[in-house]
Amino acid sequence: MADDFEITDEMKAQIGQETEPWTYEVTTTGVRMYARGIGSTDPVHYDVDFAKKQGFRSIVAPYGFLGTPVFHPDTNDGTFGFPRRAGGPRLNLPFKGLLDGGTETEYFDVICAGDVLEETSHLADIKARGNMVFLTNESVYKDKASGKVVAKQRLTSIHM
Amino acid sequence: MAEQTYFEDVSEGQELPEIKISPDKQQLVKFAAGSGDFNPLHFDENFPMLKPMGLTENIVHGRFKYAQVGRLVFGFAGYQGRVKKFGVQYRGMDKLNQPIIAKGIVTAKRQESGENLVDLDVWTENAEGKKNTPGTATVALPSRS
Amino acid sequence: MVQVYFEDINVGEEIPQLKKNCSTQQLVLWAAGSGDFYQIHYYKDFAQSTGLKGLIVHGALKNAFLGQLLHDWIGEKGELRRFGCSYRGMDEPNQDILCRGVVTKKYQDGGKNMVELDVWTEKPDGKKTSPGTAVVTLPSKA
């Protein structure tokens, strides 16, 4: 389309470039704060003894929460917390506006406090519609100790 | 958490009990704390990016709405069920202090690799019934036997 | 960071100042870090409904800034024993908050090099908003 922002070959070449892994910690404090943040009062997210009685390892991360990326001011974004790391896409889009486009999570296990996960991601798609660019990122979360995949996410962001 | 739902008791077309929340600014600040997303778009009424994005007031985080759908499907799955997958798109914006209602409908029941799976259409809608956050989900449920 | 030693400091000496300026985002980060979600720190209408002119900075955050002031000064070999302040005046976001300290005493106690200080935060017009004191230990050069 004549009016679409131009997606260059250089940008498309970034599709599939896997980042280096990053550690995500699922802590009791983090699980409880997220549960408070979404307005849930389910004791399985707050009370460790209760959660264990229901058969879980510890309090359960509400669906949508995959832990907190280990944060360092030198490497992580101050607003969103995500790590700037080797291997990921470097697109340098000229837009200041950013909106969330969509979130999809697939679970292979229940995430609980005490889990330490390792996440890698890659750019899966880049599309333009008018003067808006849609990026899709796919990430894989593995249990750091066992290497087992516990979740996958597909995230869409809109840059305008 | 309500009583455990069993696969045999679910039927296509069945509606899930809805989840309603009207987040005020404190709720969004708590969500910022919990999620790590401190974008001022959601709590600073003087944030300079509001105007260029065509907004006059702060909006609710998309992921906050995703999490309401998460609560909905977790409630359906129960402690013995498992949410296998759930995803939404952020099609419309929701403002502060307005009701956000998470709803779901069973679209299919099937068995795959020994699991009892239930597919659903899920979404959040606003007070006017506009589906701002449409999506789908798959939940595994235990059997009565 | 250069380590400061007990022998090199004098009573009456001012320690290096720390300048802070809190954006609304900073106040929300503090709410997250401290667990204090009181709305007078980020929700203007609420703040005004309680009789305040506008948003104010959490007192405990200013206390934490003074903690940072001292932590930066004592270096890795110093120890912060005690510090506290009173929240006498209000500070607002997007305005400079200057953290300052002055050495008031030097002495030895039980083999430790003790230093006492007056510490405080002040507004751009010089008004002291959070006056307080601190007790630290510093290493010897020997």
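Residue numbers (our numbering), protein chains in the order written: chain A, 1 to 160; chain B, 1001 to 1145; chain C, 2001 to 2142.
All C-beta atoms in this analysis are idealised placements derived from N, C-alpha and C, irrespective of residue type, glycine included.
- Looking at the backbone, the Cα of Gly-102(A) and that of Gly-2084(C) are separated by about 47 Å.
- Counting along the chain, Ser-1145(B) sits inside no alpha helix (DSSP H), nor does DSSP assign it H or E at all.
- Annotated as distal: Thr-105(A) and Gly-130(A), with beta-carbon spacing of 8 Å or more.
- Listed by position along chain A, the residues whose Cβ is nearer than 7 Å to that of Arg-1144(B) form an empty set, because the closest Cβ is around 18 Å away.
- Exposed is the label assigned to Phe-95(A), since fewer than 16 other Cβ atoms lie within 10 Å of its Cβ.
- Within its own chain, the residues whose Cβ lies closer than 8 Å to the Cβ of Met-2090(C), once the five positions on either side in sequence are excluded, are Leu-2052, Ile-2056, Val-2057 and Thr-2129, listed in chain order.
- Between Pro-2016(C) and Lys-2077(C) the beta-carbon gap is near 17 Å, outside 8 Å, which marks them as no contact.
- Under the Cβ criterion of 8 Å, Gln-1111(B) is not counted among the residues facing chain A.
- In this structure, Lys-2112(C) sits near Thr-2137(C), with a CB-CB distance shorter than 8 Å.
- Comparing C-alpha distances from Arg-32(A) to each of Ser-58(A), Thr-19(A) and Gly-147(A) shows the shortest one belongs to Ser-58(A).
- Rounded to whole angstroms, the gap between the alpha carbons of Ser-157(A) and Val-116(A) is 26 Å.
- Counting only unbroken stretches of 3 or more residues, the beta strand (DSSP E) elements lying wholly within the region 19-94 of chain A are 22-25, in sequence order.
- In chain order, Lys-1030 and Gly-1034 make up the part of chain B whose C-beta sits under 7 Å from the C-beta of Arg-36(A).
- Excluding the 5 residues flanking it on each side, Lys-2020(C) has same chain C-beta neighbours closer than 6 Å at Phe-2065 and Ile-2097, in chain order.
- Beta-bridge annotation (DSSP): Leu-1117(B) is paired with Arg-1110(B) and Ala-1140(B).
- Going by beta carbons, Gln-1080(B) and Gln-1014(B) fall outside the 8 Å limit.
- Annotation: Cβ neighbours of Glu-106(A) in chain B (cutoff 8 Å, chain order): Lys-1084 and Lys-1085.
- Interface residue (Cβ-Cβ distance to chain B less than 8 Å): Phe-80(A) is classified as such.
- For Gln-1026(B), the nearest beta carbon of chain C is closer than 8 Å to its own beta carbon.
- Contacts between Val-2028(C) and chain B, judged by CB atoms closer than 7 Å, involve Val-1029, Ala-1032, Phe-1038 and Phe-1043 in chain order.
- Taking Leu-99(A) as the centre and dropping the five residues before and after it, the same chain places the C-beta of Ile-158 closer than 6 Å to its C-beta, in chain order.
- The beta-carbon of Ala-1067(B) is placed less than 8 Å from the nearest beta-carbon of chain A.
- Comparing C-alpha distances from Ser-2023(C) to each of Lys-2127(C), Leu-2069(C), Leu-2061(C) and Gly-2126(C) shows the shortest one belongs to Leu-2061(C).
- Per DSSP, the beta-bridge partners of Gln-1089(B) are Gly-102(A).
- Annotation for Asp-2118(C): the continuous beta strand (DSSP E) segment containing it runs 2112-2122.
- Under the 8 Å criterion on CB atoms, Tyr-1006(B) is classed as non-interfacial with respect to chain A.
- DSSP places Gln-1026(B) in the helix class (H, G or I) of the three-state scheme.
- Of all residues in the region 2036-2059 of chain C, only Phe-2037, Gln-2039, Tyr-2042, Tyr-2043, Lys-2044 and Phe-2046 come within less than 8 Å of chain B when Cβ atoms are compared, listed by chain position.
- Annotated three-state conformation of Met-132(A) is strand, per DSSP.
- For Gly-2084(C), the three-state secondary structure derived from DSSP is strand.
- A direct Cα-to-Cα measurement between Pro-21(A) and Gly-114(A) gives close to 19 Å.
- If you look at Ile-2097(C), you'll find it in the beta strand (DSSP E) that goes 2096-2109.
- Chain order gives the chain B residues near Gln-2025(C) as Phe-1038, Pro-1040 and Asp-1044, where near means a beta carbon separation below 8 Å.
- At a beta-carbon threshold of 9 Å, none of the residues of chain A lie near Phe-1076(B); the nearest stands roughly 11 Å away.
- Contact between Pro-1017(B) and Gly-1075(B) is confirmed by a C-beta separation of about 7 Å, below the 8 Å threshold.
- By a beta-carbon distance limit of 8 Å, Lys-1025(B) contacts Phe-1043(B). Their separation comes to about 6 Å.
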